[in-house]
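Trainee: Taken in sequence, the protein lines are chains C and W.
Residue numbering for the first sequence follows this note's numbering, beginning at 119 and increasing consecutively.
Residue numbering for the second sequence follows this note's numbering, beginning at 3 and increasing consecutively.
For glycine and all other residues, C-beta sits at the position ideal for the given N, C-alpha and C.
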Amino acid sequence: MAHTSWIARVFGVAASVALAAGLYLGLVVVPPDAVQGEVQRIMYLHVPSIVTAYLAFTVVFFASILYLWKRDLRFDAVAVSSAEIGVLFTGITLATGSIWGKPTWGVWWTWDARLTLTAILFTIYVGYLMLRAFAEDPQAGARYGAVLAILGFLDIPLNHFAVQWWRTLHQPSSILRPAGSSVAPVMLVPLAISFVGLVLLYTYLLLERVRLERIRHRAAEARLKRGRRG
Amino acid sequence: MVAELLRRTWAMARKDVMVELRARDRMNAMLFFAALVLFIFNFALGPDLERLRAVAPGLLWLAFLFTGMLGLSRSFQAERENECFEELLLTPGDRESIFFGKLAGNVLFMITAEALILPLFGILYNLDIWGELPSLGLVAFLGTLGFSALGTLLAAMTAHLRAREVMLPLLLFPLTVPLLLGSVRATEAILAGEGLGAVSHWLKLLAGFDLIFLVVSPLVFEFVLEE
Numbered sequence: 119m120a121h122t123s124w125i126a127r128v129f130g131v132a133a134s135v136a137l138a139a140g141l142y143l144g145l146v147v148v149p150p151d152a153v154q155g156e157v158q159r160i161m162y163l164h165v166p167s168i169v170t171a172y173l174a175f176t177v178v179f180f181a182s183i184l185y186l187w188k189r190d191l192r193f194d195a196v197a198v199s200s201a202e203i204g205v206l207f208t209g210i211t212l213a214t215g216s217i218w219g220k221p222t223w224g225v226w227w228t229w230d231a232r233l234t235l236t237a238i239l240f241t242i243y244v245g246y247l248m249l250r251a252f253a254e255d256p257q258a259g260a261r262y263g264a265v266l267a268i269l270g271f272l273d274i275p276l277n278h279f280a281v282q283w284w285r286t287l288h289q290p291s292s293i294l295r296p297a298g299s300s301v302a303p304v305m306l307v308p309l310a311i312s313f314v315g316l317v318l319l320y321t322y323l324l325l326e327r328v329r330l331e332r333i334r335h336r337a338a339e340a341r342l343k344r345g346r347r348g
Numbered sequence: 003m004v005a006e007l008l009r010r011t012w013a014m015a016r017k018d019v020m021v022e023l024r025a026r027d028r029m030n031a032m033l034f035f036a037a038l039v040l041f042i043f044n045f046a047l048g049p050d051l052e053r054l055r056a057v058a059p060g061l062l063w064l065a066f067l068f069t070g071m072l073g074l075s076r077s078f079q080a081e082r083e084n085e086c087f088e089e090l091l092l093t094p095g096d097r098e099s100i101f102f103g104k105l106a107g108n109v110l111f112m113i114t115a116e117a118l119i120l121p122l123f124g125i126l127y128n129l130d131i132w133g134e135l136p137s138l139g140l141v142a143f144l145g146t147l148g149f150s151a152l153g154t155l156l157a158a159m160t161a162h163l164r165a166r167e168v169m170l171p172l173l174l175f176p177l178t179v180p181l182l183l184g185s186v187r188a189t190e191a192i193l194a195g196e197g198l199g200a201v202s203h204w205l206k207l208l209a210g211f212d213l214i215f216l217v218v219s220p221l222v223f224e225f226v227l228e229e
């Protein structure tokens with residue numbers, strides 16, 4: 119437990135390979151976008167990041183329910199770890215989106231529906247991490263965190279409709295849409311590889327972060343024992 | 003079963019209202035704060051009535067929610083300061099009634115504050131709200147109900163935290179964005195004379211929000227109360 123497991127290593131190596139391949143294909147091999155030019159290449163990181171973030175928050179939701187049901191701290195370790203990684207990927211999405219937005223829309227930030235939704239998502243889960251940090255008793259922190267994760271996840275569809283009606287500027291979804299994908303097939307290849315790479319990276323980070331959480335628990339227990347003896 | 007829940011909820015709410023009627027500290031603070039907020043907005047945005055009118059629905063809702071936040075944070079902290087939390091937990095039977103009782107009290111306090119803010123707002127910002135009071139009241143009620151349903155749960159949670167004063171708004175405001183957007187849009191439509199029909203989808207969203215969190219919050223409330 120003190121060392122990275124071989125499974126985590128496999129995920130780590132696979133993630134590096136897939137990400138390197140995806141970025142090489144996306145940044146070098148595939149031709150630039152017909153309309154947007156070179157700046158469109160940021161899509162190969164931007165789009166898979168947000169999908170991975172949603173995956174991470176879905177894991178937080180189910181791990182939280184399992185924790186409240188089974189009261190096994192391992193589920194809580196998965197929840198808090200996945201939330202941290204989800205916040206990281208949401209941050210990457212916001213940053214890459216901003217970098218793409220400046221040359222394309224002319225502004226770093228605009229209150230478009232999907233941008234706003236991502237920003238709200240970011241604030242909800244940063245709140246979750248702060249809640250975890252401020253809880254004095256780890257058991258209570260786990261319970262509060264699980265409750266907040268459930269509320270936050272149920273809030274996402276409501277936020278989705280609200281900001282959708284509020285305003286829409288974002289370029290509409292190009293792959294999942296009724297008329298079929300408008301993305302050239304040659305662009306889908308690096309996109310898919312990057313996506314696989316990020317999911318592998320997520321799994322690697324999750325395994326390592328859960329291991330760290332377990333070491334922390336052990337350290338806390340050891341401290342308690344020593345305190346009692348002394 | 004339902005009668006029992008109602009009876010216990012009533013007892014809990016009655017206790018909170020009675021404490022408030024005797025001490026008056028929460029309501030006084032909320033009302034004075036609400037008036038202050040309306041004043042401060044005026045100084046922050048300048049006395050130009052046209053400009054103020056354009057942003058009026060947003061200001062009104064910020065005044066509502068800031069004031070409501072103030073009341074919510076007192077809801078469980080008072081129990082904690084007087085060491086009544088343990089007694090509350092020792093009460094036999096299910097905990098939903100504690101939640102619904104606290105919720106009823108919080109909604110009542112917030113609605114009372116809003117009933118004062120609204121006319122004051124109409125006077126200070128020279129808005130003709132008097133004919134629209136029923137529809138404004140409906141929107142205010144829907145917004146307040148959802149805000150309090152989530153807020154009561156989170157207030158119980160944050161009462162045990164370090165830095166509890168800052169944590170409640172940090173957790174509650176991001177979650178209530180749909181509520182704020184819906185309430186402000188609906189209020190805007192009403193003040194513009196478009197009527198409720200133009201914003202029926204927003205009203206449905208508000209009602210949906212209320213429904214979801216009126217069902218989920220009491221379900222997870224017991225996990226928050228555990229000691």
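Does the stretch 177-194 of chain W touch the stretch 52-62 of chain W, meaning 3 or more C-beta pairs lie closer than 8 Å?
Mentor: With the cut-off at 8 Å, the stretch 52-62 of chain W and the stretch 177-194 of chain W touch.
Trainee: Could you check how far apart the C-beta atoms of lysine 207 (chain C) and alanine 174 (chain C) are, in whole angstroms? I think they sit under 8 Å.
Mentor: Taking the first sequence and counting its residues from 1, the one referred to as residue 207 (chain C) is at position 89. Taking the first sequence and counting its residues from 1, the one referred to as residue 174 (chain C) is at position 56. Note that residue 207 (chain C) is phenylalanine in the sequence shown here, rather than lysine. Sure, about 6 Å apart at Cβ, within 8 Å.
Trainee: When you compare the CB positions of arginine 97 (chain W) and phenylalanine 223 (chain W), do they come within less than 7 Å of one another, or not?
Mentor: Your numbering for residue 97 (chain W) matches position 95 in the second sequence. Your numbering for residue 223 (chain W) matches position 221 in the second sequence. A contact, by the Cβ cut-off of 7 Å.
Trainee: Which residue comes first and which comes last in the alpha helix (DSSP H) that contains valine 19 (chain W)?
Mentor: Residue numbering aside, residue 19 (chain W) sits at position 17 when the second sequence is read from its first letter. Its alpha helix (DSSP H) spans residues 4-25.
Trainee: With C-beta atoms as the reference, is leucine 156 (chain W) less than 7 Å away from leucine 172 (chain W)?
Mentor: Here residue 156 (chain W) refers to the residue found at position 154 when the second sequence is read from its first residue. Here residue 172 (chain W) refers to the residue found at position 170 when the second sequence is read from its first residue. Not closer than 7 Å, so no.
Trainee: Helix, strand or coil: how does DSSP classify aspartate 230 (chain C) here?
Mentor: Residue numbering aside, residue 230 (chain C) sits at position 112 when the first sequence is read from its first letter. If DSSP states are grouped into helix, strand and coil, aspartate 230 (chain C) belongs with coil.
Trainee: Alpha carbons only, please: which of W:Leu110, W:Val201, W:Leu205 and W:Ala165 is nearest the one belonging to methionine 20 (chain W)?
Mentor: Walking along the second sequence from the start, residue 20 (chain W) turns up at place 18. It is W:Leu110 whose Cα lies nearest to the Cα of methionine 20 (chain W).
Trainee: Less than 7 Å between CB atoms is the rule here; does aspartate 273 (chain C) satisfy it with respect to chain W?
Mentor: Within the first sequence, residue 273 (chain C) is the residue found at index 155, counting from 1. Chain W contact via Cβ: present.
Trainee: If you follow the alpha helix (DSSP H) that arginine 261 (chain C) is in, where does it begin and where does it stop?
Mentor: As a working mapping, residue 261 (chain C) is identified with position 143 in the first sequence. Arginine 261 (chain C) -> alpha helix (DSSP H) spans 256-284.
Trainee: For the stretch 229-246 of chain C, enumerate the residues whose C-beta is nearer than 7 Å to any C-beta of chain W, in chain order.
Mentor: Of all residues in the stretch 229-246 of chain C, Ile238, Thr241, Ile242 and Gly245 have a Cβ within less than 7 Å of some Cβ in chain W.
Trainee: Who are the neighbours of isoleucine 168 (chain C) on chain W, taking C-beta pairs under 8 Å?
Mentor: Numbered from its first residue, the first sequence carries residue 168 (chain C) at position 50. Chain W residues near isoleucine 168 (chain C): none, gap ~18 Å exceeds 8 Å.
Trainee: Applying the 10 Å Cβ sphere with the 16-neighbour rule, what's the burial state of tryptophan 226 (chain C)?
Mentor: To locate residue 226 (chain C), count along the first sequence from 1; it is residue 108. When all chains shown are included, tryptophan 226 (chain C) counts as exposed.
Trainee: Would you give the residue range spanned by the alpha helix (DSSP H) that tryptophan 204 (chain W) belongs to?
Mentor: If you number the second sequence from 1, residue 204 (chain W) lands on position 202. It spans 202-227 - the alpha helix (DSSP H) in which tryptophan 204 (chain W) sits, taken as one unbroken run.
Trainee: So, is the C-beta of proline 176 (chain W) closer than 7 Å to a C-beta in chain C?
Mentor: For the purposes of this step, residue 176 (chain W) is taken as residue 174 along the second sequence, with counting starting at 1. It does; some Cβ of chain C falls within 7 Å.
Trainee: Look at the alpha carbon of alanine 258 (chain C) and the alpha carbon of valine 226 (chain W), and state the distance between them as a whole number of angstroms.
Mentor: Position 140 of the first sequence holds residue 258 (chain C). Position 224 of the second sequence holds residue 226 (chain W). Their Cα atoms are separated by approximately 8 Å.
Trainee: Ends of the alpha helix (DSSP H) at histidine 164 (chain C)?
Mentor: Counting from one through the first sequence, the residue named residue 164 (chain C) turns up at place 46. Run containing histidine 164 (chain C): 161-188, per the alpha helix (DSSP H) assignment.
Trainee: Look at the Cβ atom of leucine 247 (chain C), then the Cβ atom of leucine 266 (chain C), and state whether they are nearer than 7 Å.
Mentor: Indexing the first sequence from 1 puts residue 247 (chain C) at position 129. Indexing the first sequence from 1 puts residue 266 (chain C) at position 148. Taking 7 Å as the Cβ cut-off, leucine 247 (chain C) and leucine 266 (chain C) do not qualify as a contacting pair.
Trainee: Examine the ligand SAH and report whether any of its heavy atoms sits within less than 6 Å of the Cβ of leucine 249 (chain C).
Mentor: This structure simply doesn't include the ligand SAH, nor any ligand for that matter.
Trainee: So what does DSSP say about aspartate 151 (chain C), is it helix, strand or coil?
Mentor: Counting from one through the first sequence, the residue named residue 151 (chain C) turns up at place 33. Strand at aspartate 151 (chain C).
Trainee: Return no unless some Cβ of chain W is closer than 7 Å to the Cβ of leucine 191 (chain C).
Mentor: Within the first sequence, residue 191 (chain C) is the residue found at index 73, counting from 1. Cβ-Cβ to chain W under 7 Å: no for leucine 191 (chain C).
Trainee: If contact is defined by three or more beta carbon pairs under 8 Å, each pair taking one atom from either stretch, is the stretch 134-147 of chain C in contact with the stretch 303-310 of chain C?
Mentor: In short, these stretches touch, since the Cβ pair count reaches three.
Trainee: If you count every other CB in all the chains shown that lies within 10 Å of the CB of leucine 287 (chain C), and 16 or more means buried, which is it?
Mentor: Within the first sequence, residue 287 (chain C) is the residue found at index 169, counting from 1. Reliability fails at leucine 287 (chain C), whose pLDDT of 47 lies under 50, so the model's placement of it is uncertain and the value that follows must be treated cautiously. It counts as exposed.
Trainee: Which class does proline 221 (chain C) belong to by DSSP, given the choice of helix, strand or coil?
Mentor: Stepping through the first sequence from its first residue, residue 221 (chain C) is reached at position 103. Residue state, collapsed to three classes: helix.
Trainee: Say whether chain W places a C-beta atom closer than 7 Å to the C-beta of phenylalanine 180 (chain C).
Mentor: In the first sequence, counting from the first residue as 1, residue 180 (chain C) sits at position 62. Taking Cβ atoms only, chain W never reaches closer than 7 Å to phenylalanine 180 (chain C), which makes this a no.
Trainee: Going by beta carbon distance, what residues of the same chain come within less than 7 Å of threonine 11 (chain W), once the five residues before and after it are set aside?
Mentor: Translated into the one-based positions of the second sequence, residue 11 (chain W) becomes position 9. Answer for threonine 11 (chain W): Ser99, Phe102, Gly103 and Ala106, listed in chain order.
Trainee: Mind listing the chain C neighbours of leucine 62 (chain W)? Cutoff is C-beta to C-beta under 8 Å, in chain order.
Mentor: Numbered from its first residue, the second sequence carries residue 62 (chain W) at position 60. Simply none; closest approach about 18 Å.
Trainee: From the DSSP output, in three-state form, read off proline 49 (chain W) for me.
Mentor: On the second sequence, position 47 is the one that residue 49 (chain W) refers to. Reduced to three states, the DSSP call for proline 49 (chain W) is coil.
Trainee: Between C:Pro275, C:Arg285, C:Val304 and C:Tyr320, which lies nearest to serine 134 (chain C) when the distance is taken from Cα to Cα?
Mentor: On the first sequence, position 16 is the one that residue 134 (chain C) refers to. Considering only alpha carbons, the answer is C:Tyr320.
Trainee: Establish whether the CB of methionine 71 (chain W) and some CB of chain C are separated by less than 7 Å.
Mentor: Taking the first residue of the second sequence as 1, we reach residue 71 (chain W) at position 69. Methionine 71 (chain W) does not count as touching chain C.
Trainee: Going by DSSP in three states, isoleucine 131 (chain W) sits in which element: helix, strand or coil?
Mentor: Reading the second sequence from its first residue, position 129 is the one you call residue 131 (chain W). Here isoleucine 131 (chain W) sits in coil by DSSP.
Trainee: Less than 8 Å between C-beta atoms, sequence neighbours within five positions excluded: which residues of the same chain meet that for leucine 64 (chain W)?
Mentor: Mapped onto the second sequence, residue 64 (chain W) falls at position 62. For leucine 64 (chain W), where only same-chain residues beyond five positions count, the Cβ hits under 8 Å are Val39 and Phe43.
Trainee: Whole angstroms are fine: how far does the CA of serine 216 (chain C) sit from the CA of asparagine 181 (chain W)?
Mentor: As a first step, residue 181 (chain W) must be located in the second sequence, where it is residue number 179. As a first step, residue 216 (chain C) must be located in the first sequence, where it is residue number 98. Sequence check: residue 181 (chain W) is leucine here, not asparagine. Using only the alpha carbons, I get a separation of about 27 Å.
Trainee: Note down the Cα distance separating alanine 152 (chain C) from arginine 159 (chain C), rounded to an integer number of angstroms.
Mentor: Taking the first residue of the first sequence as 1, we reach residue 152 (chain C) at position 34. Taking the first residue of the first sequence as 1, we reach residue 159 (chain C) at position 41. Each residue's alpha carbon lies about 12 Å from the other.
Trainee: Residues of chain W with CB under 8 Å from phenylalanine 279 (chain C), in chain order?
Mentor: Against the first sequence, residue 279 (chain C) aligns to sequence position 161. Going along chain W in sequence order, the residues near phenylalanine 279 (chain C) (Cβ under 8 Å) are Pro180 and Leu207.
Trainee: Compute the Euclidean distance between the alpha carbons of serine 300 (chain C) and serine 312 (chain C), then round it to the nearest angstrom.
Mentor: Mapped onto the first sequence, residue 300 (chain C) falls at position 182. Mapped onto the first sequence, residue 312 (chain C) falls at position 194. Whole-angstrom Cα-Cα distance: 19 Å.
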